[in-house]
Amino acid sequence: MLRLDIFGLLLSLFLLGPRQWRWSLAAAGVALAATILTFLVLRVEVTAYTMGGVFTQVELGGGRLGNLALGLAGPFACYAVARLKAGRPMGEAGWLRQLLPWSRLENPLAGTFAKYALLAAVFNIIQAFK
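Residues in the sequence shown are numbered consecutively from 4, following the working numbering.
As structure tokens, this is what we get:
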């Protein structure tokens with residue numbers, strides 16, 4: 004079953020920065036496409052997939068490790084896009100100075116994709132071991 008979590012998407016837009024809402028939606032789209040392509044390539048039986056931006060959840064019939072591995076496909080793809088766009092996605096300022104939603108990013112596309120990857124990966128790890 005495929006579900007859409009509007010509240011999760013809106014909260015993701017806030018966490019990633021309201022100024023970069025276009026890049027936030029693009030990052031969510033890249034993560035969705037990467038996760039679905041991973042499902043198709045590996046021929047995985049999916050119980051439920053909730054698309055909620057950073058708060059995306061994958062539920063499989065198997066165990067926690069499978070959920071974690073497939074849940075990290077989207078964040079990995081987003082970080083790969085950020086690294087391809089810029090060698091250092093957060094630029095010279097570093098992660099800590101640009102992680103806050105109201106921070107001005109040196110490279111908005113790469114920074115937003117990298118923040119999406121970090122926040123989504125942390126959420127997936129928390130969900131897997133909850």
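The beta-carbon is built from N, C-alpha and C at its ideal position, and this holds for glycine as well. These numbers come from a predicted model, not from an experiment.
| request: Name the residue from M4, F132 and G11 whose alpha carbon lies nearest to the alpha carbon of E48. | output: Ranking M4, F132 and G11 by Cα distance to E48 puts M4 first.
Q.
Alpha carbons only, please: which of L112, D8 and L108 is nearest the one belonging to K88?
A. Comparing C-alpha distances from K88 to each of L112, D8 and L108 shows the shortest one belongs to L112.
In whole angstroms, give me the CA-to-CA distance for L134 and L18.
What is shown of the chain runs 4 to 133, which leaves residue 134 out entirely.
| task | Might you give, ordered along the chain, the residues of its own chain that have their beta carbon closer than 7 Å to the beta carbon of R86, omitting 5 neighbours on each side? | result | Here the set comprises P92.
request  = May I have the straight-line CA-CA distance separating E95 from E109, to the nearest angstrom?
outcome  = Near 8 Å, if we compare the C-alpha coordinates of E109 and E95.
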